[in-house]
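Chemist: Protein chains in written order, with the UniProt record's numbering: chain C, 1 to 660; chain A, 1 to 362.
The C-beta atom is built at its ideal place from N, Cα and C for all residues, glycine as well.
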Amino acid sequence: MIIELGHFALILACILAAAQAIIGFTLWRGNALADRFVSQAAILQFALVGFAFAALCQAFMADDFSVQLAVSHSHSLQPMLYKFTSVWGNHEGSMLLFVLILVLFGAAVAAFGRNLPSDLRTLVLSNQGMMVAAFSAFVLFTSNPFWRLDPAPFDGTELNPVLQDIGLAIHPPLLYLGYVGFSICFSFAMAALISGKIDAAWARWVRPWTLASWAFLTLGIAMGSYWAYYELGWGGWWFWDPVENASFLPWLSGTALLHSAIVMEKRNALKVWTIFLAIITFSLSLLGTFLVRSGILTSVHSFASDPTRGMVILAMLAALIGGAFTLFALRASALRSGGLFAPISREGALILNNLFLSAATAGVLVGTLYPLVLESLTGARITVGAPFFDITFGALMVPLLLLIPFGPFLAWKRGDLGAVTQRLMAAIIVTVIISLVVYGFMGFPISLAPIGLAIGFWVMVGAIADLVDRAAFGRTGFRQSMARLRGLPRTAWSTALAHFGMGVTVLGVVCATAFQTEIVTSMRQGETVDIAGYSITYEGEIHTDGPNFSADRGSYAVISPWGGERTITSERRVYPVSGTPTTEAGIGTYGFSQMYIQFGERVGPDARVARLWHKPYVLLIWLGTIIMASGAFLSLTDRRMRVGAPAKPRRKAKLAGANK
Amino acid sequence: MLWIFVIGLALVCIGVLWVGMRRGQKVTGDAVAPDAALAFFRTQLEGIDRDVESGRMSPEEADAARAELAREVIRHEKETAAVRPGRSGRLVLMGTLPVVAAASIGLYALIGRADLPAQPLSERETFVPDAQISIEDAVARVEAQMVETPNDVRGWLVLAPIYMEQQRFDEAVAAWRRVLELEEPTPDRQTSLAEALAMANGGEPTEEATALLFEAAEADPTHVRSRFYLAGQMTQAEDYEEAVAMWQELLAIGTGEEAWIPTARQGLVAAQAGLQGTTLGDSEPDATMDVMIRGMVDGMAARLYQDGGSADEWMQLVRSRQQLDGDAAALEDVERGLAALEGQDRLALQTYAQDLGLNSEQ
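1. Identify every run of the alpha helix (DSSP H) within the region 36–106 of chain A, keeping only runs that are complete inside it and at least 4 residues long; order them along the chain.
2. Hey, Leu-403(C) and Gly-456(C): beta-carbon distance below 8 Å or not?
3. Given this structure, state the Cα-to-Cα distance separating Glu-335(A) from Leu-349(A), to the nearest angstrom.
4. Report yes if the C-beta distance between Met-95(C) and His-171(C) is below 8 Å; otherwise report no.
5. Would you check if there are 3 or more beta carbon pairs closer than 8 Å linking the region 475–491 of chain C to the region 524–536 of chain C?
6. Quick one: is Ala-219(A) buried, meaning 16 or more other Cβ sit within 10 Å of its Cβ, or exposed?
7. Using beta-carbon positions only, say whether Val-438(C) and Glu-347(C) come within less than 8 Å of one another.
8. Just by C-beta distance, which residues in the region 124–140 of chain C are closer than 9 Å to chain A?
9. Ignore the nearest five residues each way along the sequence and tell me which others in Pro-161(C)'s own chain have a CB closer than 6 Å to its CB.
10. DSSP beta-bridge partners for Met-523(C)?
11. Can you find a CB in chain C that lies within less than 8 Å of the CB of Gly-343(A)?
12. Would you mind sorting Ile-433(C) into buried or exposed? The rule is 16 or more other CB atoms within 10 Å of its CB.
13. To which residues of the same chain is Ala-251(A) closer than 8 Å at the C-beta, ignoring the five residues directly before and after it?
14. Could you give the distance in angstroms between the alpha-carbon of Phe-154(C) and the alpha-carbon of Gln-58(C)?
15. Anything in chain C within Cβ reach of Tyr-240(A), meaning under 8 Å, just list it in chain order.
16. Just checking, does the region 467–478 of chain C make contact with the region 602–622 of chain C on the three C-beta pairs under 8 Å criterion?
17. Only counting the same chain, and skipping five residues up and downstream in sequence, which positions put a Cβ closer than 8 Å to that of Val-305(A)?
18. What's the C-alpha gap between Gly-385(C) and Trp-240(C)?
19. Between Gly-30(C) and Asp-119(C), how many whole angstroms is the CB-CB distance? I'm expecting something under 8 Å.
20. Under DSSP, the beta strand (DSSP E) around Arg-566(C) begins and ends at which residues?
21. Buried or exposed: where does Asn-359(A) fall if 16 or more other Cβ atoms within 10 Å of its Cβ makes it buried?
22. So with Cβ pairs under 8 Å, would you call Leu-116(C) a contact of chain A?
23. Nearest CA to the CA of Ala-67(A): which residue from Met-300(A), Lys-78(A), Leu-45(A) and Ile-253(A)?
24. Can you tell me the Cβ-Cβ gap for Ala-261(C) and Thr-210(C), rounded? I've got them flagged as a contact below 8 Å.
25. So, is Asp-165(C) buried or exposed, given that buried needs 16 or more other C-beta atoms within 10 angstroms?
26. Step through the CB atoms of chain C and report whether any lies within less than 8 Å of the CB of Ile-74(A).
27. Could you pull out every residue in the same chain whose Cβ sits closer than 7 Å to the Cβ of Phe-182(C), ignoring the five residues on either side in sequence?
28. Can you list, in chain order, the residues of its chain whose CB lies under 6 Å from that of Pro-161(A), leaving out five sequence neighbours each side?
29. With H, G and I counted as helix, E and B as strand and the rest as coil, what does DSSP make of Ile-170(C)?
30. Kindly say whether Ser-122(A), judged by its beta-carbon, lies nearer than 8 Å to any beta-carbon of chain C.
31. Relative to the alpha-carbon of Gln-68(C), which residue among Gln-233(A), Pro-120(A) and Gly-95(A) has its alpha-carbon at the smallest distance?
32. Output the distance between the C-alpha atoms of Gly-533(C) and Asp-64(C), rounded to the nearest integer angstrom.
33. Nearest to Trp-202(C) by CA position, among Ala-211(A), Leu-180(A), Glu-195(A) and Ala-36(A), is which residue?
34. What would DSSP say about Asp-165(C), mapped onto helix, strand or coil?
35. Against His-171(C), what residues of chain A qualify as contacts under a CB-to-CB distance less than 7 Å, listed in chain order?
36. Does the beta-carbon distance from Gly-106(A) to Glu-4(C) come in below 8 Å?
Below, the structure written as structure tokens:
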């Protein structure tokens, strides 16, 4: 009964959302009742869809095989965690998750946006309602997770074993929080276009949503990358796979949006551009979510491609994105534009950042879509591979990374590049010293890698220099500087933290790409192979059984260059229900570096193929993204982000003290 | 019961919205939120001060920025003064609520399955694949089901081979008859009925059985099993001329590589020997019977290996193979079957094999 009640709750939420959109769009102008209605409807929808989702989870966890989705994606022998994650490890369930997060953000606007102007809130929520109605109708009529089977089979056909991993519990929800979060920015943009009212305050109100979505998307992509790294057993962390690109595109444009919104907030400029970025970012998010399902792309992610469903998806995307851009074309000229400004200024630097990020977005978009378009026009099949992306994207990122430290140092309106360079001189010297020391350790190799490392150090040192400069270390007493450092607004800390994280990721990427060592060999029991100073001995294999799989597990004794021995195991599993084999890489972490072992096919009676990788500093890639995201979250805790929220008197006094 | 909850949920939702709007009506004056825009401008002012403090902005620039901010504030106040909050459309809003409830309930009635209860595995009275469960129990359960749904072909198709195995030949006859009534007869099913009829008759072919076999052989010029029976019967009935013709026809159907070819050759030799008035040393009727059965099984195996088949067919093959050639040969078939089948069918075969004491490693 719970299942059917969940189904009904979803239907009710869908129709309520439609009513919310219709009422909101017709009565938004200065109507307190409509405002109240859309706010309450938004919160109710969250309760309803939340209940529907919980009902579906309950059905999966109780092995209710009268639910078609559970039959096709779950099995009674799966561990409980994977029964739970099976709920969204498929097209229908993940669409329900998408809708759940959509209503979550809608409810959040209704609950936390009490201090937004009434008209703006009504319009934002109406737009959210429209999307909830459209997507939940899509779920109900083309991808309904509540379809039942009668008579019910006795058991299911198991979740794809590759997905039977903790990663499925983390990656899709985070990614969706990011994708869907940008829907709020999109709704704010739509509201601005409809009402024709947009000012610096608008940018302030959008900022927390942009920050939160961006942070979640950053973590989602990073988690997906790490998951692919350890689960797919290819030893790589980014493949420029079309689906990865599809998630990376909104990140790039979202990063641009984040920065252009700052210009709008501070300088009341770049309004039309910011609106455009808000629309394009959410459009790219939708593209990322749905391109995967339309059957156009094939990759590890295309778990549900169905031509008819694909057509519905494309029609929906065309209507939503096309509608948004039509509105943009009609109304953008009516928006009051902001003032002009000098090229050498904070806003100038941010525009430069936007240019690079937009160009990178365009480059990746072209590389991803060009093969598809070409194939549909001429029938020719080509692949655009990593070299294209590495060169295009790399060429755009290098100057951008070099410029990052300058941005926060430049003053608003008009800056003095000479003075900024002077203030950055210490940072430049520190970067050069660190780089030289590192090159020295490496023996001054002639390659591009040291330049990459220097860029990473530069970004990191630049971020620290920003904080040091803001606290005026060296210009006032140490004690006073420390006080100033503590008194800095959290947004200053978060900017530095995010930029620092970027530098850390750059270091990781350079090291893992340029200095990794790979050996593919066959190893007999007892045989030892040396790789990058580690000595690895194959100790043999055992056969073992898991809850729903059986595995051959190879053990390797690894002695690191600093002594110390550890055993790393890697498995080849077979899941009998679906008859699918998978590999579980064996990973040993040494500081930020990892030894990655993949237990391969059998050769002869007691030998196995082994693929060994030493990946120096590879963890920095993901550590950097976590630092970036925590920068964004830190910024969210800033009092000033909570619009209109009265500061506690004690804190106000503290702030005032810090400002003196 | 479900409907009560469905309607209840709908009523709660519109009730919440209704109450919310009525309350919204009462609190009119004080509901005006502190002006968010003004709060924002204030933080910007603080920001300017901070920039001056840290030396990132000169006092002159700060003054200009403050003036700019002041202009923004004035513009904002003008804009907000122009709009007066109203509360029209209350009737429309209130009228929407019943429509929402009715539309949801209507849509659910269309696409929902209010008639289906939840069926969590723990509460279902079923076989768990690993548990030992006797064939008798399974048969009894299916039989009980068939009383309720006598027109379900699948049920009869499951039961019929089991009846044969359990030597409940009369029931097997009835089951196969039902299958032929419910669906267009196929040569395979006609042959199965003929087989059941003959067994029910103590192994002697009845007229009806022979007629069915001829019908099956005629319907499909490449049907092997019916021809095997017919050739066997003819050999047994010492109708050697016909028998030789039939064995030859059979051999002509095969490409020469099928598993049943040797058996058919043996049959042909036996019939030819009969034609010449001699008998083969050991070729008693029993041997002919064995030849027939073996031929059937091999024929089926060949077909399943090549084209695949249903779980039932694989089970039939595994069972026959176990009786004829023992566990090892049967296990091989189980493995092939498991590789060919998937999902529910795969499980069924696996369970069945376990029941027969065949433990596949896969």
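Modeler: On the basis of the data shown:
1. 36–53 and 59–82
2. On the first sequence, position 403 is the one that residue 403(C) refers to. On the first sequence, position 456 is the one that residue 456(C) refers to. Against a cut-off of 8 Å, the Cβ pair of Gly-456(C) and Leu-403(C) comes out as no contact.
3. Residue mapping note: residue 335(A) aligns to position 335 of the second sequence, counting from 1. Residue mapping note: residue 349(A) aligns to position 349 of the second sequence, counting from 1. The straight-line gap from Cα to Cα measures roughly 10 Å.
4. Working through the first sequence from its first residue, we reach residue 95(C) at position 95. Working through the first sequence from its first residue, we reach residue 171(C) at position 171. Taking 8 Å as the Cβ cut-off, Met-95(C) and His-171(C) do not qualify as a contacting pair.
5. no
6. Mapped onto the second sequence, residue 219(A) falls at position 219. That one is exposed.
7. Reading the first sequence from its first residue, position 438 is the one you call residue 438(C). Reading the first sequence from its first residue, position 347 is the one you call residue 347(C). Going by C-beta atoms, Val-438(C) is not nearer than 8 Å to Glu-347(C).
8. Leu-140
9. Residue 161(C) sits at position 161 when you count from the first residue of the first sequence. Excluding sequence neighbours, Pro-161(C) sits near Tyr-575, Thr-580 and Thr-582.
10. As a first step, residue 523(C) is located in the first sequence; it is residue number 523 there, counting from the start. Partner(s): Arg-608(C).
11. Numbered from 1 along the second sequence, position 343 holds the residue referred to as residue 343(A). Yes, because at least one Cβ of chain C sits closer than 8 Å to the Cβ of Gly-343(A).
12. As a position in the first sequence, residue 433(C) is number 433, starting the count at 1. Answer is exposed; the Cβ neighbour count stays below 16.
13. If you number the second sequence from 1, residue 251(A) lands on position 251. Checking the sequence shown, residue 251(A) turns out to be Leu, not Ala. Answer for Leu-251(A): Ile-261, Ala-264, Arg-265 and Leu-268, listed in chain order.
14. The count along the first sequence starts at 1 and reaches residue 154(C) at position 154. The count along the first sequence starts at 1 and reaches residue 58(C) at position 58. Their Cα atoms are separated by approximately 17 Å.
15. Here residue 240(A) refers to the residue found at position 240 when the second sequence is read from its first residue. By Cβ distance, chain C contributes nothing, its closest Cβ being about 50 Å from Tyr-240(A), past 8 Å.
16. no
17. Numbered from 1 along the second sequence, position 305 holds the residue referred to as residue 305(A). First, the amino acid is wrong: residue 305(A) is Tyr here, not Val. Arg-336.
18. Numbered from 1 along the first sequence, position 385 holds the residue referred to as residue 385(C). Numbered from 1 along the first sequence, position 240 holds the residue referred to as residue 240(C). Looking at the two C-alpha atoms, the distance is approximately 7 Å.
19. Start at 1 with the first residue of the first sequence, and residue 30(C) comes out as number 30. Start at 1 with the first residue of the first sequence, and residue 119(C) comes out as number 119. Right, the Cβ-Cβ distance comes to about 6 Å (below 8 Å), so this counts as a contact.
20. Your numbering for residue 566(C) matches position 566 in the first sequence. Here the beta strand (DSSP E) through Arg-566(C) covers 565–575.
21. On the second sequence, position 359 is the one that residue 359(A) refers to. By the 10 Å Cβ count, Asn-359(A) comes out exposed.
22. Here residue 116(C) corresponds to residue number 116 of the first sequence, with the count starting at 1. Yes, Leu-116(C) counts as interfacial toward chain A.
23. Counting from 1 along the second sequence, the entry for residue 67(A) is found at position 67. Nearest C-alpha to Ala-67(A): Leu-45(A).
24. On the first sequence, position 261 is the one that residue 261(C) refers to. On the first sequence, position 210 is the one that residue 210(C) refers to. With a Cβ gap of about 6 Å, Ala-261(C) and Thr-210(C) count as contacting.
25. Here residue 165(C) is taken as the residue at index 165 of the first sequence, counted from 1. Label assigned to Asp-165(C): buried.
26. As a first step, residue 74(A) is located in the second sequence; it is residue number 74 there, counting from the start. No, Ile-74(A) lies away from the interface with chain C (no Cβ there is under 8 Å from its Cβ).
27. Taking the first sequence and counting its residues from 1, the one referred to as residue 182(C) is at position 182. Within the same chain, Phe-182(C) has close Cβ partners Ser-213, Pro-250, Gly-254, Thr-281, Phe-282 and Ser-285.
28. Indexing the second sequence from 1 puts residue 161(A) at position 161. Taken in chain order, the residues that qualify are Gln-316.
29. On the first sequence, residue 170(C) is found 170 positions in, with the first residue counted as 1. It is helical.
30. Along the second sequence, read from residue 1 onward, the residue named residue 122(A) stands at position 122. Yes, Ser-122(A) lies at the interface with chain C (some Cβ there is under 8 Å from its Cβ).
31. Indexing the first sequence from 1 puts residue 68(C) at position 68. Gln-68(C) has its Cα closest to that of Pro-120(A), out of Gln-233(A), Pro-120(A) and Gly-95(A).
32. Taking the first residue of the first sequence as 1, we reach residue 533(C) at position 533. Taking the first residue of the first sequence as 1, we reach residue 64(C) at position 64. Spanning the two alpha carbons is a distance of roughly 53 Å.
33. Here residue 202(C) is taken as the residue at index 202 of the first sequence, counted from 1. For Trp-202(C), the nearest C-alpha among the options comes from Ala-36(A).
34. Start at 1 with the first residue of the first sequence, and residue 165(C) comes out as number 165. In this structure, Asp-165(C) counts as coil in the three-state DSSP scheme.
35. As a working mapping, residue 171(C) is identified with position 171 in the first sequence. Simply none; closest approach about 27 Å.
36. Here residue 106(A) refers to the residue found at position 106 when the second sequence is read from its first residue. Here residue 4(C) refers to the residue found at position 4 when the first sequence is read from its first residue. No, the Cβ-Cβ distance between Gly-106(A) and Glu-4(C) is not below 8 Å.
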